[in-house]
């Protein structure tokens, strides 16, 4: 199917009245939970007294299935299902809005800068010897940024390079499984580090046991110290060792790395 997404940013300051304005009192809370195999879990985040939950967010390990969330006035209840045979982690967030406004701001000030030039030679036209530019300076630095307000800080998982300034992409359309390890090649434009994950692309049955689509076959972290092509090695999960250990088993998987790069790859042995 096709999905269309859009985003509209919310101005933190309320409208200017009688020479001053106020900030909205925004605070974000987090939690990270481990979902047991086969479990349907409900995870609740509760805003502090005097505030309401307005925006919920979630970041799920591959294999977890979101069953939606219930936006109550103060509490946001998330439901998630783990159809795999191993524990997986889920991270949830809630942006809370205070019933009362936060810090006060003064009205913006109009500042005009003018530059002028002169010459020692004769000049008949002096009306073009200066130029001005104006800008508004706002009092916007007397509030705290919207940071992690409580709970556990979530582990970034396939959402962006969280260390180093470089970015990596998957360089080859194949990976290799050998002795409980999966190797793959990345191409990086600078120092970077992150997470890599290989998962099944469909339901499969191995040795009489059924595995759901999205079952994690291997996962691990990687570090690239400089730009160039790098071979990374990640460890197979318990399910991955069973599935990949069969020569006639799964032949393809989806490799995903931190930064959003994802590719359907051939699995060789």
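Numbering (the numbering used here), first residue to last: -17 to 251. In this text, a Cβ means the ideal position worked out from N, Cα and C, and glycines have one as well. This structure is a prediction, so every number in the text was calculated from the model and none was measured.
- In chain order, 5, 6, 8, 125 place their CB closer than 8 angstroms to the CB of residue -6, counting only its own chain and leaving out the 5 sequence neighbours on each side.
- In the DSSP annotation of this structure, the continuous segment of the alpha helix (DSSP H) that includes residue 224 starts and ends at 220 to 226.
- Non-local C-beta neighbours of residue 187 in its own chain, meaning closer than 8 angstroms and more than five positions away in sequence, comprise 193, ordered along the chain.
- The Cβ atoms of residue 182 and residue 195 sit closer than 8 angstroms to each other.
- The straight-line gap separating the alpha-carbon atoms of residue 103 and residue 110 is approximately 15 angstroms.
- Each residue's CA atom was taken as its position, placing residue 159 and residue 235 some 12 angstroms apart.
- By the criterion of a C-beta distance shorter than 8 angstroms, residue 18 is surrounded in its chain by 64, 69, once the five residues flanking it on both sides are discounted.
- Residue 214 is not a Cβ neighbour of residue 201, given a cutoff of 8 angstroms.
- Distance from the CA atom of residue 61 to the CA atom of residue 10, rounded to whole angstroms, is 19 angstroms.
- Assigned with DSSP and collapsed to three states, residue 90 falls in coil, not helix or strand.
- Per DSSP, the continuous beta strand (DSSP E) segment holding residue 116 begins and ends at 112 to 119.
- DSSP, read as helix, strand or coil, puts residue 198 in strand.
- The beta carbon of residue 78 is closer than 6 angstroms to those of 9, 29, 33, 35 in its chain, skipping five residues each way along the sequence.
- Boundaries of the beta strand (DSSP E) harbouring residue 38: 33 to 42, taken from the DSSP string.
- Per DSSP, reduced to three states, the secondary structure at residue -13 is coil, with no helix or strand assignment.
- Boundaries of the beta strand (DSSP E) harbouring residue 17: 8 to 17, taken from the DSSP string.
- A direct Cα-Cα distance of roughly 30 angstroms separates residue 45 from residue 171.
- When the beta-carbon positions are compared, residue 168 and residue 207 stay at least 8 angstroms from each other.
- Annotation for residue 186: the continuous beta strand (DSSP E) segment containing it runs 186 to 188.
- Contact check for residue 27 and residue 58: beta-carbon distance about 5 angstroms, within the 8 angstroms limit, so the pair qualifies.
- Where residue 52 is concerned, the enclosing beta strand (DSSP E) starts and stops at 47 to 53.
- Remark: C-beta atoms of residue 155 and residue 247 approach each other more closely than 8 angstroms.
- In its chain, beyond the 5 residues on either side, 17, 62 have a beta carbon closer than 6 angstroms to the beta carbon of residue 23.
- In the three-state reduction of the DSSP assignment, residue 248 falls in the strand class.
- Contact check for residue 12 against residue 73 passes: the beta carbons are separated by less than 8 angstroms.
- Sequence-distant partners of residue 225 (beyond 5 residues in either direction) whose C-beta falls short of 8 angstroms from its own C-beta, in its chain, are 182, 186, 188, 193, 197, 199, 231, 232.
- Look at residue 154 here: in three-state DSSP terms it is coil, with no helix or strand label.
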